[in-house]
Each structure stands twice: as C-alpha cells, then as structure tokens.
Amino acid sequence: MANGSSPLTGAIRSSTVAGFLESVGEITDLSRAALKNGVRSRRDRALVIEQLDQVGVRSLSIVNLTAVFMGMVLALQMGNFLAKFGAQIFVSRIVGVSLLREMAPVLTALMVGGRVGAGITAELGTMSVTEQIDAVPALGADPVRKLVVPRMIALMIMLPLLTVIADAVGIAGGCLISVTELGLTVEFYTTTLLQALAFSDFFSGVGKAVFFAYFIGIIACHNGLTVRGGADGVGRATTATVVAASVAVLVADFFLSKLFLSI
C-alpha cells in the first residue's frame, strides 16, 4: 500500500487500542467500586491486617537491601565526581534530596510492584480460573469488598511507610560511603543534610508513594480478576501486571514530579 501499512497491521493496531481503552474502562469501574466499598462498607480488619503483613512486613528485606545499596552507589558516584572539584562536602545534600524526592519512592514502588503486584495477580487469578471468585456472591459477599479493598488499603498504607524506611536506610548507606571513602564525618554529613532538606522533599516522595500504591494495586487486582485461560492465563496476567505497574509508576513519576515542583 502507498502508506506502507497493510490491512492486517491496521487491524492489529485497532485491536490493541481497543483492548487498552477497554482495560482503562474496566480499571475505572473497579476503582469506583473499590472506593465505594472502602468508604461506605465496614472493612474486615482481619483481612486488612493480613495484607499489611503480606505487603509491608514481608517486603522489608528487599526494600532495605535496595535502599542501602542505592544510597551507597549514589554517594560513591557523586562523591568521586564532586571530589574532582573539591566539592565532595555537598554529597550529603545530593544524596538526601535525590533519595527523598525520586529514588526511594520510585525504586521502592518498582520492588513492591514486582513482588506484591505479581503475587496479588497470581492469587486472584488462581481464584478466578478455579471459579472461587464466582462463588463469593453466592455466599452473600462482595468480591470487591473482600478481595480488592483490603489489598488496596494495605498497599496505600504500607508503600508510603516503606518509602520512609527506604529514605532512612538509603541515607545511612550514603553516610557509610561518605565516611569510609570520602573522608567526611558523621556529624558533618548529618548537619549538611539537615540544612539542605525541606519538608517539601519528604512530602513529595511520600505523596508519590500513595499514587504509586494505587496504580500497583488496581492494576494487579484488575489483571487477577479478569484472568482467562487457566494456568497459562495466570502466568500471562502476572507478567502483564509487572510490566504495566512498572510503566505506570515511571510515567506517573514524571507528572507527579511536575505537580509537586509547582506546589
């Protein structure tokens, strides 16, 4: 054809766009149902506490490991670069602002999205293909209230807390490298760090984490509830969740950064 495309290519593109728009509509409906149940319905505390453990406590090790090496690498790279100009004294400020505003919330969300998001999709997907979810309304319960709301609440509580922990652990890792590799003292590192940080830096990172938690949770729950095709479908949905959640976090980070910088 003159424009270099074929009817088959056009059909594939149309199908992809239609599938994407359909998914967006389904996620919007699920978000509305989850919000309605979360606000108006009595929440099951036992389910929420169980998910708090799954999402938060069991993610501490991977978050702490990521955060400490993130802070160490950032301090090492920036410290050695700044040392060329005799400006290694500013390393604490760069590490602190970078961690609080960007690296801690984004990398924590990516780690939690990979671990927890995939787990939610696999769990709900298995229930879906074995028709357990279809049986929930027959028992007089709402699947969204019982399965989606506790996971969303747990994510939106624990991801900001994990981000705060990642901030502290990453700053400590940066301090370790600053003392051992750059010749700074703990007192100097701490003092210059506190001089450079503002509440807006902390608020920006924690605020982003709330939005990231929503994206991870709603994508994971949607993919799990809409699984088709047995065990193979569960595997595809789990992979799709990790990819979609990661992309959503990275895209949202740009727009949220613009938003918080303008406040």
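Going left to right, the sequence shown walks through residues -12 to 250 as the working numbering numbers them.
Every residue gets a Cβ at the ideal spot worked out from N, C-alpha and C, and that includes glycine.
Around the beta-carbon of Ser233, 16 or more other beta-carbon atoms lie within 10 Å, marking it buried. With fewer than 16 other CB atoms across the displayed protein chains lying within 10 angstroms of its CB, Lys245 is exposed. In this structure, DSSP gives Gly216 a state outside helix and strand, which the three-state scheme calls coil.
Look at the beta carbons and you see the segment 105 to 123 not touching the segment 154 to 161: under three pairs across the two are nearer than 8 Å.
One Cα belongs to Val238, the other to Phe198, and the distance between them is close to 12 Å. For Asp31, there is no enclosing alpha helix (DSSP H), since its DSSP letter is neither H nor E.
When the Cα atoms are used, Met65 and Leu169 turn out to be separated by approximately 10 Å. Looking only at Gly12, Ile81, Met98, the smallest Cα-Cα distance to Phe68 is reached by Ile81.
The criterion of a C-beta distance shorter than 7 Å is satisfied by Pro137 and Leu34. Secondary structure note for Gln75: it is in no alpha helix (DSSP H), with a DSSP letter that is neither H nor E.
Taking one beta carbon from each stretch, the segment 201 to 210 and the segment 125 to 143 have 3 or more pairs nearer than 8 Å; the two touch.
Ser46 sits away from Val93, with the two beta carbons spaced by 7 Å or more. Bounds of the alpha helix (DSSP H) holding Glu174 are 173 to 183.
For the pair Val103 and Gly217, the CB atoms are not nearer than the 7 Å cut-off.
By the neighbour-count definition (other C-beta atoms within 10 Å, threshold 16), Asp154 is a buried residue.
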